[in-house]
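Protein chains in written order, with the numbering used here: chain P, 23 to 363; chain D, 40 to 702; chain C, 16 to 290; chain R, 292 to 615; chain U, 13 to 158. Note that beta-carbon positions come from the ideal geometry of N, C-alpha and C, so glycine has one too. All of these numbers come straight from a predicted model, not from anything done at the bench. Encoded as structure tokens, the structure appears first; notes follow it.
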């Protein structure tokens, strides 16, 4: 365990940024928090969490996959991939840290997505325990402990100090690069902080939410539930939940004619969009009901079915606070299991 | 994937002088879709056209780009060329490298570069062209003239003369319109009835002309060449076929206190009436508002005296549906109501009258048998004041902003006639300007001033105050003398502005013919197509299009007729294939396109669509009538969903051109 | 850098064959004249024209064909329209192979096979049929029931007549929807024809065709005593990545591009009814 | 108010006047209210709410619901009623199958603004006489409603409804001192560089989730041009700043003259982009150049972009702007 | 971005209505009135055919200026087209200005078929204005940059 006083945070940032790119959650002009590349003077946000999740670091909203040069009948393939620089992300919450392992299960499964892998290998995650979780937080439901957030280095902020505990090799390597600013210490303060957080966690309104009734074995009964209609009724079919979600990873591959070539890029897509599965021959998910159901079934049933029971949600609560119509996974879970209790 | 041929024209040295045509042809060869590219001295020459035709056949071209002069010059030529070689003519695009390149740029390098870019844009466009086939629609060989005034009469006679059938719909019991109420006409002072009534009779006797009098248009459907019109024949309670127009009934009718509309209420007529002696058709009409029999079932005198048995109290409005190829609007005008002009005392004094009322007072068939007497006490007026521009050129909101055009001349006419007939009468004319642009018009006005001693005073009348002694105190200013004037007049005549007939607005809506804010019909082009409405198949005749005098009206009527004849002479109309088209799957039914269409080419209907899970959805969708659409594209931009697109200039085509140019 | 599955390779169209009014078969080769990659019968590949689109197509040539790869493609959208207009020599991009393919070396081995296809549905089966013909001794009898709207709409008609019909132990049963001049074969819909043929219930069925045909044929087969575990089909859904990541082709927890496109009907039964 | 509405909705459902009711449904945290369709008095009794957090404009749901058999009751706040009227005007909603109930509104609260006041872990909120009492995981707090209102309510233009079949509560007045163009004017008075920086700062946060579009009662296209691959301008996640600009400019242009300024776009934006400033710019320009126009205010007038005067200002008026 | 030392040549897209302005451009050509080759004309039936999308598209693809020419108000071949175009473009330009994009990059000019000289003068002036502004960076799509 290491520690650094809060007032030295800027020096930590500055030293980190000397070695690699550093991102910290900071406030935008509109007061929303967002990961930004650190530069002199940028301050860590007071907000609990960022609007966009940290998945952007490994799975950005758009990225070029490949280029083509077309001339007459012939085509030339241009590999546009570049080696990623090392980067450090400071202050990732436990929920987002867990989301990386969920994304790993998709992108690192055979065949490996090299774009993702490349970024993943170059990123070091410094997580930060949640001293003041929001009412929308329910990471505990999925067995995530926001008092021990994980990542390459996990951190606690308490009594004017940041406590750092490296968990991985990358974490140790990071600690080495900034060791000049750190002092070694015992784990008592962090343990005290963890206890305090544990006490808060119990008070959270969603503390009692469980995954009972969901999982890979509940496919048929949940799929056929009559409640989907009512739940999906008001859904606007926008992609807000998907795009703020740290685990949503559906994407689209599109071609863009730049005038001097074709750029093939991928971009986030949303299963909530009406054209997501539309093809010239037909549309398997005809109404918003099917699309809405797909998203939640995927997180609560299909994903666990394929991944040893691990759910595709990390309880970050972003969809709870951002859905334009306040429909979200918690309401879905409660509603679907309403009769069971 | 198209197979595109590129043909670069040298135009002698016109193009080749500043553009390296060989380099252009070579550069365009490698554009996507191009399978053939060549250049030649004169592409428009027969030899040049043969090169194109041969290439189309040899290389199975599906699109042709010609880099040459302006498409305004030879687009039609090259389309015909393509057509002759079996290629759809709309698969031809022109890159204008003469007017837009060689003639304006001196630098060979820059010119060549630009020519290549323009060629590329044309190739990009033609790659997205689709073969277009102009539609055809049949023409119903019958015209409808709405309004039976001098404009309508003249139009109908000219159309009938060319051998086409024509119907006149007139809302009054007789045709003839405003001109029947006039006494003499300027600048020749010949009697209006003498020149008009023969034409009315011609109409009645012409077997190609059908007159629907006392009738109105109640519905119009269809489009150019193919209108279906519903005409409402108002009940006149007299069988037109039986009535001989003997007039017996109009003399025996006990209801004598009906204001005579023909004389503008200056005298009375009976409840059953024939408007005037030369009415066409000369058929009696019962005024249901006054007829005792119709109001309370007591009377029946006319039926008793009618030898022909033509009276039918049970007659109802009837509706006739008829098909027409063309419609002429000749709805004419009315003087505006002067109630708002309190300062002129029109409502307060019977001796303040309008010019049209003066026409009746002076007319031999008028209330006083042609003797000019004051309406109030039937005495001879010795001082008469004319006030010009009452409600014309007026920005105060009470009147009209435009010039009514005819008032200057008819006032000069009135003044002159009065001075001639009653030399002891002093005549004053208050005017803003005297406008006399017309053949013999200024001479006419000068005669009024110089020969007849009419007092023309530049200035406006501030107030007309009725005096206890029956005189009218006219207060006005003389701007030239810069003094206030007070004239004690016996009669004041107001030159009321004229406005389009009240029926025009609703008719315009029915015809989807556009109108200006004053309810005058708009012409398709103010200079070049003055007698056509922008709505195809609708033509304009007379004052409904804007104020004009009789000679102008008659010439416009003739012009409208010739346009109608030109249309009816065709068996089929070929439609411009570059028209808008609505994709029903994308259409929201919001009506934005309909609102901006100047031709009324867009209609909406509820259609059934397949919804999810075997449901049926009913959606309101737009459709474009190819025969009516002129292809301006206003709708395509009004449409937010992109459902409206324009064939030949589609969104994707224009964007492809943009892309090619900006590349 | 690692080999990335989303980066395609180039192939050149070496031959275009017109099969039916709306189906063409494209033969593709790498620029140096080779077959682009090895595949199993029933697998697919992503073909694309850069700037126009990319889509998944069944590889219709047999894996036993070592010279080239073929795709039979029906004209039905933007990309396929474009493909139908192209000329020999045009280059395309290809990536794959994707999907599981038919279990030709395991579950199907030694079985009597009944192929049922409708319309363009023959395309994915063609590769299996030719594979089985090539390794004729590994399988029992082969019956092929193939139907289309009309004679002209029968894909690969020439190959069926000249090669399949001549292979020993292969019985071809053709049918068209409506009577047609110059057709003396069977007339009627595929499901009914299957019932008429009354195949032995020991056969293993491989089926592909329009959804309506699959639905009724399956019902018919069940009536005849077939079990769902005996019937295989191959599916088509919208795909983008081809590797089970982009998230659009899943039915329940299965990705058609990765876990499919070949499914046994008992497997499909366990999945939500969303295809 | 809520009880009156529940009673009336139940009555109308029971007597068969309406077949369904579009209203707001309670959530878990008081503020997370969801629009919902209620089909029985029991459902109304159980879940219907009308509180300071019922900001959602329900009119857009009528595009779908009004096509169902029977009448649909919809509760409309004053601003919502304009959206409704505009939808009727554009034939998107069948007026005859809607029973519009106007409800009074004194402004709705924005939970994000409450959070911006430093409130964390909200468990419950109660409102009394314009004061909100917030119960949080970390203790209670009180806030005046007026300080945490949604942007659209803070700049409310009118508390009077455009159209309705029945009114519950009291009809309000136009807000005389509403200065909804204040921020637009402020931007206009900046230099182009400042404006550019401002908008890049705002729009660069856009994640193209389409929430603004999908919630917008003017964006009811069967298929949006941005979703239509054949339109040539289809785009999903914005690839760069151009696409962000393009999407927002074209969207604002497509709703220009039709936008009733209901403020939903700004309310739902997860990134708090002040999208209403784009729409209000168009509204302000239209008012200044072509005469005051309020979309949805009356059924007959032509929307400004499908209308013209021969005396309209030339585009060069923009060119001259800023020249003193 | 490579450094380009040669003189900046703007890309200008001119949308011209078929009936007046395109004819005016032809007349400019017939009279040999010079204007820079940077101007490329796209023929449209009427100024009201020009969708704001086209204008943004041009900027996306690297245009530095876009000008729309139509018949003088009142002279539209289709009677009312340019009146709609006038409103649309006024509002669009105002919005672009509001977003901080140089308003001088966009223009509407009414050019009749007889005004060849005006056409050439307008283009000369517009090219000059845009050249002064330099390259359009605020509304370009970086992907389209060469």
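Measure the CB-CB distance between residue i and residue j and report whether it falls below 8 Å.
| i | j | result |
| --- | --- | --- |
| residue 517(D) | residue 496(D) | yes |
| residue 91(D) | residue 114(D) | no |
| residue 260(D) | residue 371(D) | no |
| residue 147(P) | residue 269(P) | no |
| residue 494(D) | residue 463(D) | no |
| residue 587(R) | residue 551(R) | yes |
| residue 334(R) | residue 629(D) | no |
If you measure from the CB of residue i, is any heavy atom of the ligand ATP nearer than 7 Å?
| i | result |
| --- | --- |
| residue 345(D) | Among the components of this structure there are no ligands whatsoever, and the ligand ATP is therefore not found. |
Since residue i sits in a beta bridge, which residues does DSSP pair it with?
| i | result |
| --- | --- |
| residue 490(R) | Per DSSP, none; premise fails for residue 490(R). |
| residue 106(C) | 27(C) |
| residue 137(C) | Partner(s): none; residue 137(C) has no beta bridge. |
| residue 324(D) | 312(D) |
| residue 208(D) | 185(D) and 251(D) |
| residue 46(D) | 77(D) and 105(D) |
| residue 59(C) | 73(C) and 113(C) |
| residue 335(P) | Residue 335(P) is not bridged to any residue. |
| residue 60(P) | Paired residue(s): none; residue 60(P) is not in a bridge. |
| residue 326(R) | 315(R) |
In chain order, what residues of the same chain lie with their CB nearer than 8 Å to the CB of residue i, ignoring the 5 residues before and after it?
| i | result |
| --- | --- |
| residue 305(P) | 299 |
| residue 382(P) | This structure leaves residue 382(P) out entirely; chain P is present only between 23 and 363. |
| residue 96(C) | 90 |
For residue i, which residues in the same chain have their Cβ closer than 7 Å to its Cβ, ignoring the five residues on either side in sequence?
| i | result |
| --- | --- |
| residue 321(D) | 284 and 313 |
| residue 40(D) | 72 |
| residue 696(D) | 160, 163 and 164 |
Whose C-beta lies closer than 6 Å to the C-beta of residue i among residues of the same chain, with five residues either side of it excluded?
| i | result |
| --- | --- |
| residue 71(P) | 115 |
| residue 15(U) | Residue confidence is low: residue 15(U) scores 43 on pLDDT, short of 50, so the model does not pin down where it sits. No coordinate-derived value is stated. |
| residue 363(P) | With a pLDDT of only 46 at residue 363(P), under the threshold of 50, the placement of this residue in the model should not be trusted, and no figure is reported. |
May I ask you to list, following chain order, the residues of the stretch 324–337 of chain R that have a beta carbon less than 8 Å from some beta carbon of chain P?
-> Within the stretch 324–337 of chain R, the residues whose Cβ lies closer than 8 Å to some Cβ of chain P are 324, 325, 326, 327 and 328, listed in chain order.
Runs of beta strand (DSSP E) wholly within the stretch 250–320 of chain P (minimum 3 residues, chain order) | Whole beta strand (DSSP E) segments, 3+ residues: 273–279 and 284–290.
Residues in the stretch 61–77 of chain U with C-beta within 9 Å of chain P's C-beta atoms, listed in sequence order?
-> Here the close residues are 73 and 74.
Residues, ordered as in the chain, of the stretch 295–312 of chain P that lie near chain U by beta-carbon distance below 9 Å | Residues: none.
Could you please tell me which residues of the stretch 642–661 of chain D, in chain order, have their CB closer than 8 Å to any CB of chain P?
-> Hits within the stretch, in order: 651 and 652.
If contact means a Cβ-Cβ distance below 9 Å, which residues of the stretch 363–395 of chain R contact chain U?
-> Answer in chain order: no residues at all.
Beta strand (DSSP E) runs wholly inside the stretch 379–429 of chain D, at least 3 long, in chain order = Segments of the beta strand (DSSP E) lying fully in the stretch 379–429 of chain D: 391–393 and 422–429.
Short-range partners of chain P found in the stretch 416–449 of chain R, where Cβ spacing is below 8 Å | Correct list: 427, 428 and 429.
Members of the stretch 277–297 of chain P that neighbour chain U once the beta carbon cut-off is set at 8 Å | Under the 8 Å Cβ criterion, the stretch 277–297 of chain P contributes 278, 280, 281, 282 and 285.
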